[in-house]
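Student:
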Amino acid sequence: MNSKNIVNGALMVAVAVIMVLIGSYVPPLFFILFFVSVPVSVVIIRSNSLLYGILTTALIFLATFLFTDIITASIVAGLSAIGIAMGYLVKSGSTPQNVVVETGAISLLGFVGVLYALKLFGINVIKSILDDYQQIGKQILDIYKNSPDAAYIRSMISYTLESLKELMPSIFVIMIALIVLVNYMLLSRIMAKEGKVKKLPPFMFWRMPYMTGWIFIGALLYQYFVNSSVVASNLLLLLSIGFTVSGLSYVKYFMTKRFNVNSLISDVVLVALFMFPITFSLMTLLGVIDTSMNLRRFT
1 MNSKNIVNGA
11 LMVAVAVIMV
21 LIGSYVPPLF
31 FILFFVSVPV
41 SVVIIRSNSL
51 LYGILTTALI
61 FLATFLFTDI
71 ITASIVAGLS
81 AIGIAMGYLV
91 KSGSTPQNVV
101 VETGAISLLG
111 FVGVLYALKL
121 FGINVIKSIL
131 DDYQQIGKQI
141 LDIYKNSPDA
151 AYIRSMISYT
161 LESLKELMPS
171 IFVIMIALIV
181 LVNYMLLSRI
191 MAKEGKVKKL
201 PPFMFWRMPY
211 MTGWIFIGAL
221 LYQYFVNSSV
231 VASNLLLLLS
241 IGFTVSGLSY
251 VKYFMTKRFN
261 VNSLISDVVL
271 VALFMFPITF
281 SLMTLLGVID
291 TSMNLRRFT
């Protein structure tokens with residue numbers, strides 16, 4: 001084994017363990033835990049070997065288990081596996097878009113496999129999550145049980161729980177996609193000086209594939225005129241998020257190219273547009289239009 005690669009691997013293990021400890025024991029910074037895959041990818045890319053990434057993951061798992069617990073260690077191992085896939089695809093010369101999409105697909109398949117494996121041992125993760133939310137709902141109802149709006153609050157909580165249960169698959173997909181995307185963006189920024197990881201196209205050029213517009217319209221028509229199904233509901237949520245991002249991307253393009261708006265100001269505007277229900281819906285519609293017409297041609 002190359003001594004330089006061993007030193008780099010040991011350094012990345014130390015960085016990952018520090019990230020795990022901060023994410024586990026400093027609640028406001030829990031999100032740092034989701035970037036554990038980056039050090040693993042760095043090891044694979046710098047060493048040009050998948051073996052170093054696997055060994056790094058094993059050491060991170062053992063260290064996490066010693067300092068925390070088996071559940072946290074298992075989560076970290078899963079996140080590290082994302083790093084292995086991402087590092088391998090980057091090393092193989094895949095384009096940034098393909099790295100993100102393929103890593104997301106591999107991660108989703110792995111996640112589903114883990115859920116089924118845990119279910120064989122009597123651990124139903126989805127049921128546990130839903131039970132936790134149901135318990136939270138009961139606690140809220142206890143607070144407002146003497147309120148004149150108690151019936152309305154009970155109905156709202158019931159509807160929210162049913163929606164959560166129905167849309168759980170798409171929520172998991174969105175969560176995994178977001179983790180992979182943010183990790184790749186961080187990885188490309190860290191490795192920028194070495195030139196081994198290409199950056200994704202600027203956000204203002206992001207656009208949904210043309211075919212997804214027809215899929216969205218078909219799912220929408222089926223949902224409202226044929227039958228309300230779980231598959232259609234999850235598909236609509238996923239595509240709605242995608243088209244909203246596409247709509248925000250066009251707004252970013254429009255503000256930058258037409259009015260030369262400062263990047264920070266335009267980002268604040270995008271966050272505001274995403275946060276409010278009305279503007280969120282308008283961005284979804286704009287995304288659908290942009291997908292079908294490519295509005296950037298007319299800007």
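For the record, in the sequence shown the residue sitting at position 205 is 205 according to this note's numbering, with numbers rising by one throughout. Backbone N, C-alpha and C fix where the C-beta goes; we use that ideal spot for every residue, glycine too.
1) Exposed or buried, what is M211 when buried is set at 16 or more other beta-carbons lying within 10 Å of its beta-carbon?
2) Just to confirm the assignment: which complete alpha helix (DSSP H) runs, minimum length 4, are found wholly within the region 186 to 250?
3) Using alpha carbons as the reference points, say which of G23, L21, D142 and L167 lies closest to L303.
4) Would you say V125 and L118 are within 7 Å of each other, going by their C-beta atoms?
5) According to the Cβ coordinates, are S80 and T103 closer than 7 Å?
6) Measure the alpha-carbon distance for L120 versus L221 and round it to whole angstroms.
7) So what does DSSP say about N169, is it helix, strand or coil?
8) On a Cα-Cα basis, can you pick out the residue from V76, V42, L51 and L109 that is closest to F31?
9) Looking at C-alpha atoms only, which residue of S228, L161 and V15 is the closest neighbour of Q134?
10) Which residues in the same chain as I38 place their Cβ atom closer than 8 Å to its Cβ, once the five residues preceding and following it in sequence are excluded?
11) Would you kindly check if the distance between the Cβ of I44 and the Cβ of G53 is under 7 Å?
12) Does the region 272 to 286 come into contact with the region 237 to 257, if we say contact requires no fewer than three beta-carbon pairs (one atom in each stretch) closer than 8 Å?
13) For D290, count neighbouring Cβ atoms within 10 angstroms of its own Cβ and tell me buried if that reaches 16, exposed if not.
14) Can you tell me which of A232, S228 and T279 puts its alpha carbon nearest to the alpha carbon of A219?
15) I'd like to check one pair, L130 with K300: are the Cβ atoms closer than 7 Å?
16) Comparing C-alpha positions only, which one of K193, L236 and F225 sits nearest to P169?
17) Between S229, R207, F67 and V230, which lies nearest to T284 when the distance is taken from Cα to Cα?
18) With 16 other CB atoms within 10 Å as the buried threshold, where does S163 fall?
19) Around the C-beta of M12, are 16 or more other C-beta atoms found within 10 angstroms, so that it is buried, or is it exposed?
Tutor: So, to answer that:
1) Numbered from 1 along the sequence shown, position 211 holds the residue referred to as residue 211. By the neighbour-count rule (16 or more Cβ atoms within 10 Å), M211 is not buried but exposed.
2) 210 to 225
3) Only positions 1 to 299 of the chain appear in this structure, which leaves residue 303 out of reach.
4) On the sequence shown, residue 125 is found 125 positions in, with the first residue counted as 1. On the sequence shown, residue 118 is found 118 positions in, with the first residue counted as 1. Their beta carbons are under 7 Å apart, which means V125 touches L118 by this criterion.
5) Against the sequence shown, residue 80 aligns to sequence position 80. Against the sequence shown, residue 103 aligns to sequence position 103. Not in contact: S80 and T103 (Cβ atoms no closer than 7 Å).
6) As a first step, residue 120 is located in the sequence shown; it is residue number 120 there, counting from the start. As a first step, residue 221 is located in the sequence shown; it is residue number 221 there, counting from the start. Computed Cα separation, rounded: 38 Å.
7) Here residue 169 is taken as the residue at index 169 of the sequence shown, counted from 1. Note that residue 169 is Pro in the sequence shown here, rather than Asn. The answer is helix: DSSP assigns P169 an H, G or I state.
8) Reading the sequence shown from its first residue, position 31 is the one you call residue 31. Closest by alpha carbon: V76.
9) Position 134 of the sequence shown, counted from the start, is the residue given in the question as residue 134. With distances taken between Cα atoms, Q134 lies closest to L161.
10) The sequence position of residue 38 within the sequence shown is 38, counting from 1. Reading off the sequence shown, one finds Val at residue 38, where the question assumed Ile. So the qualifying residues of the chain are G83, N183, L186, L187 and I190.
11) Here residue 53 is taken as the residue at index 53 of the sequence shown, counted from 1. Here residue 44 is taken as the residue at index 44 of the sequence shown, counted from 1. One thing to note: G53 has its Cβ within 7 Å of the Cβ of I44.
12) A contact exists between the region 272 to 286 and the region 237 to 257.
13) Here residue 290 is taken as the residue at index 290 of the sequence shown, counted from 1. By the 10 Å Cβ count, D290 comes out buried.
14) On the sequence shown, position 219 is the one that residue 219 refers to. Comparing Cα positions, the closest option is A232.
15) Since the first and last residues shown for the chain are 1 and 299, residue 300 lies out of range.
16) Residue mapping note: residue 169 aligns to position 169 of the sequence shown, counting from 1. The residue with the shortest Cα to Cα distance from P169 is L236.
17) One-based indexing of the sequence shown puts residue 284 at position 284. Ranking the options by Cα distance to T284, first place goes to R207.
18) On the sequence shown, residue 163 is found 163 positions in, with the first residue counted as 1. Here S163 is exposed: its Cβ has fewer than 16 other Cβ atoms, across all protein chains shown, within 10 Å.
19) What you label residue 12 is simply residue 12 of the sequence shown in a count that begins at 1. Buried, because 16 or more other Cβ atoms sit within 10 Å of the Cβ of M12.
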